[in-house]
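All residue numbers for the sequence shown refer to my numbering, where the first residue is 1 and numbers rise by one. In this text, a Cβ means the ideal position worked out from N, Cα and C, and glycines have one as well. All values derive from a computational prediction rather than experimental measurement. The next block holds one structure in the form of structure tokens; read it before the comments.
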Amino acid sequence: MKPRDVQVSPIALYTLVLRSRTWDRLKFEIEYGLQKGTTANSYLIQDEKVVLLDPPGESFTSIFLNALKERIDPKTIDYVILGHVNPNRGVTLKALLEIAPQITFICSNLGSISLSKILEEIPLKIQVVKGEEIIEIGKDHQLEFIPTPNPRFPDELCTFDRKTQVLYTDKLFGAHFCGDQVLDEGWKIYNEDRRYYFDCLLAPYAKQVTTALEKLSDKPAKIYATGHGPLVRYGLAELTLSYQEWLNTQKSQEFSVALIYASAYGNTATLAQAIARGITKAGVAVESINAESADPDEIKTVVQKADGFIFGSPTLAGHAPTQIQTALGITLANADKNKLAGVFGSFGWSGEAIDYLESKLKDGGYRLGFEPIRAKFKPTDATLKTCEEAGTDFAQTIKKMQKARKPKASVSESQSARTEQALGRIVGSLCVVTTHQGELGGAMLASWVSQATFNPPGLTIAVAKERAIESLLYSGNTFVLNILEEGKHLGLMKHFLKPFSPGEERFGDLAVEIAENGSPILKDALAYVECRVDSRMECGDHWVVYAIAQKGKVQRDGLTAVHHRKSGSHY
1 MKPRDVQVSP
11 IALYTLVLRS
21 RTWDRLKFEI
31 EYGLQKGTTA
41 NSYLIQDEKV
51 VLLDPPGESF
61 TSIFLNALKE
71 RIDPKTIDYV
81 ILGHVNPNRG
91 VTLKALLEIA
101 PQITFICSNL
111 GSISLSKILE
121 EIPLKIQVVK
131 GEEIIEIGKD
141 HQLEFIPTPN
151 PRFPDELCTF
161 DRKTQVLYTD
171 KLFGAHFCGD
181 QVLDEGWKIY
191 NEDRRYYFDC
201 LLAPYAKQVT
211 TALEKLSDKP
221 AKIYATGHGP
231 LVRYGLAELT
241 LSYQEWLNTQ
251 KSQEFSVALI
261 YASAYGNTAT
271 LAQAIARGIT
281 KAGVAVESIN
291 AESADPDEIK
301 TVVQKADGFI
311 FGSPTLAGHA
321 PTQIQTALGI
331 TLANADKNKL
341 AGVFGSFGWS
351 GEAIDYLESK
361 LKDGGYRLGF
371 EPIRAKFKPT
381 DATLKTCEEA
391 GTDFAQTIKK
401 MQKARKPKAS
411 VSESQSARTE
421 QALGRIVGSL
431 CVVTTHQGEL
441 GGAMLASWVS
451 QATFNPPGLT
461 IAVAKERAIE
471 SLLYSGNTFV
481 LNILEEGKHL
491 GLMKHFLKPF
501 SPGEERFGDL
511 AVEIAENGSP
521 ILKDALAYVE
531 CRVDSRMECG
541 DHWVVYAIAQ
551 KGKVQRDGLT
561 AVHHRKSGSH
571 Y
């Protein structure tokens, strides 16, 4: 395990970034799934006034404060600006106040409420930002505040320095990637990490993030000072354009799900985030609603428009929070009974809120799209994977339900149909991809497999975006490609074609052994190849995964099983 440290670097006039770094994975948030470490970026501006932006969470409290004290006397800090407030960050703020009680916090109104609860025993000086406001901190820095809330971070606040043209973006434009680069030289190498971060953290809030970008569009920023990962300078225009394209993709989906939740300690919100990730993977939009801050009319409009809805709640003193009960009442009064529903939640000692939601929805005549998900205390990686798979299944069920209600189009010998028939004549070997990463495992039947390179020996696999295994096949991850044998493939083929429940173990009684890379080898396969993912390319409704073959073995003589199709429009 590498030691954690703080990297300090100038980024503008009298402006430093203090990057609290870890190469280890910070667990229990789905956007950390790439396991490439992270940086928690804080910023120090020294002018006539001294300003500190976004101190890190408790994972870095001690090393951060030591690094800060090496640069300045904390008693000279005038303002601490908070892009968002959470209990994790509160640990550092409490420690900072012990050595610098003179500090005035600047945050949004919801941020001030959260801050007062987290530090309830400490007298606080808080300056609340109610709109787009400006403060002068010296002749070289003029700070403008832009509220950019979304359901996950309803208190989010961006800050633009009009003099240095640095835009402090908090959760926007970030990535969980730890390295020595402060800025994004060679920015294309971060594309996968930034896209993954967006898909996990921001895609469910496409409407609100679009509004945020519109607010920021007239700020002539030269640098995006992000909350995590390398700062954005060289790829700024390209990343902004990519965000707009990704947001448009989310907003243009044919179907949508309303995801309504409240979260006392952040655990239910983490579950919601994982479920939303699964839904968006399947090509269905998510309308996330934080019941603690949503307007009743907003809830009514969203549930009427959505094709399905999912409720998430913590259990507080044996009950669901009042806001959830209110949102549920609005939903029961306004959502059609033919809409699919779902329930999830976290709890400490009991889970009555989950039972309450389940019973109310069933009594109301709604069909549940998955078994209620229950997480005690902080969710594990396995729980988050179950949530993601449940979200994907929920989205796929909605698409099937809605398409079943539409009249079937007549089949004609059009050019399109002839093209599909011709494309279907391309054959592929029948294989099973297996992988195991930490406490997570996965498997899928694959036939769109091809050798791609001689040197290095490499291959490609096309993986549908909604496949559960997709999130385990990012760059650097490993897997085994099990090649099936003609005439002896039907048993394995049927096993991996059956639908698995969210979180269900994939291998059952199959004969397996573990490869050197930790993934299962199917003993009944004709051959296997141990692989490491090198890169991925997004191609319509699939990802094409390019992997390097590291080791392989033919287990018996025989011919490879081949998949013959009649149409190029489905498997």
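Tell me where the beta strand (DSSP E) around residue i begins and ends.
i       : result
Ser-350 : Premise fails: Ser-350 is in no beta strand (DSSP E) and is neither H nor E.
Glu-530 : 527 to 539
Asp-5   : 5 to 12
Cys-107 : 104 to 108
Thr-226 : 223 to 226
Tyr-190 : Per DSSP, Tyr-190 belongs to no beta strand (DSSP E) and is neither H nor E.
Leu-271 : Here Leu-271 belongs to no beta strand (DSSP E); instead the alpha helix (DSSP H) covers 267 to 281.
Lys-125 : 125 to 129
Thr-164 : First-last for Thr-164: undefined, no H or E at that position.
Leu-368 : Note, Leu-368: premise wrong, no beta strand (DSSP E); not H, not E.
Leu-18  : 15 to 22
Gly-308 : 308 to 314
Ile-330 : Looking at the DSSP string, Ile-330 is not in any beta strand (DSSP E); the run it does join, the alpha helix (DSSP H), is 322 to 334.
Gly-503 : Neither: Gly-503 is in no beta strand (DSSP E) and is coded neither H nor E.
Ile-135 : 133 to 138
Here's the rule: buried if 16 or more other CB atoms are within 10 angstroms of the residue's CB, otherwise exposed. What is residue i?
i       : result
Leu-559 : exposed
Phe-454 : exposed
Glu-192 : buried
Ala-417 : exposed
His-228 : buried
Ile-514 : exposed
Ala-282 : buried
Pro-3   : exposed
Pro-499 : exposed
Ser-42  : buried
Met-537 : exposed
Thr-76  : exposed
Cys-178 : buried
Leu-241 : exposed
With residue i as the anchor, note down where its alpha helix (DSSP H) starts and where it stops.
i       : result
Cys-178 : Premise fails: Cys-178 is in no alpha helix (DSSP H) and is neither H nor E.
His-542 : Premise fails: His-542 lies in the beta strand (DSSP E), 542 to 554, not in any alpha helix (DSSP H).
Asp-393 : 381 to 404
Pro-296 : 296 to 305
Thr-211 : 206 to 216
Leu-572 : Here the chain comprises residues numbered 1 to 571, so residue 572 is not present and cannot be evaluated.
Glu-420 : 415 to 423
Hey, out of the options, whose CA is closest to residue i's CA?
i       : options                               : result
Glu-485 : Thr-453, Asn-267, Pro-321 and Lys-523 : Lys-523
Leu-384 : Glu-504, Ile-72 and Gly-174           : Glu-504
Ala-572 : Lys-360, Leu-68 and Pro-372           : Nothing in the structure corresponds to residue 572, since the chain is present only between 1 and 571.
Cys-158 : Val-166, Thr-164, Asp-170 and Arg-152 : Asp-170
Gly-568 : Ser-217, Ile-113, Phe-507 and Val-427 : Val-427
Cys-200 : Gly-458, Gln-273 and Glu-156          : Gln-273
Thr-460 : Val-129, Ile-137 and Leu-481          : Leu-481
Ala-327 : Asp-295, Asn-66 and Leu-53            : Asp-295
Leu-423 : His-564, Glu-120 and Ile-72           : His-564
Glu-420 : Asp-393, Tyr-571 and Phe-344          : Tyr-571
Ser-447 : Lys-251, Lys-69 and Ser-429           : Ser-429
Gly-365 : Asn-88, Thr-249, Tyr-356 and Lys-337  : Lys-337
Leu-82  : Ala-212, Ser-414, Pro-151 and Asp-155 : Asp-155
Pro-74  : Leu-44, Asn-88 and His-84             : Leu-44
Glu-298 : Asn-267, Lys-251, Glu-245 and Gln-208 : Gln-208
Thr-280 : Asp-393, Ser-116, Arg-367 and Gln-244 : Asp-393
Gly-508 : Leu-97, Gly-491 and Ala-175           : Gly-491
Ile-223 : Lys-163, Gly-278 and Asn-88           : Lys-163
Tyr-234 : Gly-351, Gln-181, Pro-204 and Ala-212 : Gln-181
Glu-136 : Glu-238, Thr-38, Gln-46 and Asn-290   : Gln-46
Ser-20  : Ile-63, Ile-11, Pro-10 and Thr-249    : Ile-63
Gly-318 : Glu-292, Tyr-356, Thr-301 and Ile-483 : Tyr-356
Ile-118 : Val-128, Lys-130, Arg-89 and Arg-152  : Arg-89
Ala-462 : Glu-31, Val-433, Thr-268 and Gly-476  : Val-433
Pull the bridge partners of residue i from the DSSP assignment, please.
i       : result
His-436 : Gly-441
Lys-376 : Phe-347
Pro-147 : Leu-157
Val-91  : Bridge partners of Val-91: none, in fact.
Ile-289 : Ile-260
Val-512 : Leu-522
Asp-170 : Thr-226
Leu-236 : Its beta-bridge partners do not exist; DSSP assigns none.
CB of residue i to nearest heavy atom of the ligand GDP: below 7 angstroms?
i       : result
Glu-420 : With respect to the ligand GDP, the structure offers nothing, as it holds no ligand at all.
Spell out whether any CB of chain B is found under 8 angstroms from the CB atom of residue i.
i      : result
Tyr-32 : The structure shown has no chain B; it contains just one protein chain.
| 3 or more residues per run - each beta strand (DSSP E) lying fully within the stretch 36 to 84 | 38 to 46, 50 to 53 and 79 to 81
| Runs of beta strand (DSSP E) lying entirely within the stretch 449 to 491, each at least 3 residues, in chain order | 449 to 453, 458 to 464 and 478 to 483
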